[in-house]
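The block underneath contains the structure these notes are about, expressed in structure tokens.
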Amino acid sequence: MDSVFVQNNIAMIMAAVVSGGMLLWSFLSSSRSGSEVDTLVAVQLINYKDGLVLDVREGSEYEGGHIVNSKHIPGDKLEDRIQELEKFKSNPIVIIHRSGANSTGKAGSILSKHGFAHVHNLAGGIDTWQKANLPIVKK
Numbered sequence: 056m057d058s059v060f061v062q063n064n065i066a067m068i069m070a071a072v073v074s075g076g077m078l079l080w081s082f083l084s085s086s087r088s089g090s091e092v093d094t095l096v097a098v099q100l101i102n103y104k105d106g107l108v109l110d111v112r113e114g115s116e117y118e119g120g121h122i123v124n125s126k127h128i129p130g131d132k133l134e135d136r137i138q139e140l141e142k143f144k145s146n147p148i149v150i151i152h153r154s155g156a157n158s159t160g161k162a163g164s165i166l167s168k169h170g171f172a173h174v175h176n177l178a179g180g181i182d183t184w185q186k187a188n189l190p191i192v193k194k
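First residue of the sequence shown: 56, per the working numbering; consecutive thereafter.
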């Protein structure tokens, strides 16, 4: 009788297994790369928790406009320049990218690997910051 149930409901069982796997993957990847925060939480971390803004965009993107007092280390250079961030290990770090999550996921993983515990990705990156009419400076 049990095998009949499985045969009759194989599609539902597979859907449940796949859904569970996707939830697990989402949880594991977010814990490695840091939590995602919106602009309101990012501003609170920066202003009230002495958070560091880490901009991992390319140089030309950074010079085109960046958050005031942000630290610029392109994502592909972060591993080599990690020592520049050592004094911020106990501070919240808000990672800024353009709009996609690829660079922040990798940056968050690198920071976590080096013992940074309070890593956050700005959801939507600098595009979201600008759409919220928050201040940026240009070099």
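Virtual Cβ for every residue (Gly too), placed ideally from N, Cα, C. Keep in mind that this is a model prediction, so the values were computed, not measured.
Exposed or buried, which one is residue i when buried takes at least 16 other CB atoms within 10 Å?
i: S125; result: buried
i: L100; result: buried
i: R136; result: exposed
i: F171; result: buried
i: V92; result: buried
i: L78; result: exposed
i: G180; result: buried
Got a sec? Which residues, its chain only, sit under 8 Å from residue i by beta carbon, not counting five neighbours each side?
i: E139; result: K126, I128
i: N146; result: K104, D105, G106, L107, H173
i: S90; result: V174, H175, N176
i: E141; result: none
Report all residues from its chain with a CB closer than 7 Å to the CB of residue i; omit the five preceding and five following residues, and keep chain order.
i: V123; result: P190, V192
i: D182; result: R153, S154
i: Y204; result: Residue 204 is absent from the model: the chain starts at 56 and stops at 194.
Consult DSSP for residue i and reduce its assignment to one of helix, strand or coil.
i: K142; result: helix
i: S86; result: With a pLDDT of 45 at S86, under the threshold of 50, the modelled position of this residue cannot be trusted; read the value that follows with caution. It is helical.
i: I181; result: helix
i: K126; result: strand
i: V149; result: strand
i: N64; result: coil
i: E91; result: strand
Ends of the alpha helix (DSSP H) at residue i?
i: L100; result: 94-103
i: G114; result: 114-118
Residues in its own chain within less than 6 Å of residue i by CB, not counting five upstream and five downstream?
i: L109; result: K126, I148, I150
i: L177; result: A97, V149, I151
i: A162; result: V111, G130, L133, I150
i: I120; result: According to the sequence as given, residue 120 is Gly; it is not Ile. The answer, listed in chain order, is I191, K193.
If you follow the beta strand (DSSP E) that residue i is in, where does it begin and where does it stop?
i: D110; result: 107-110
Using a beta-carbon distance below 8 Å, is residue i in contact with chain B?
i: S154; result: The chain labelled as chain B is not found in the depicted structure, where only one protein chain is given.
Checklist entry - Within the chosen definition, does the stretch 64-71 reach the stretch 90-110 through at least 3 CB pairs nearer than 8 Å? => result no
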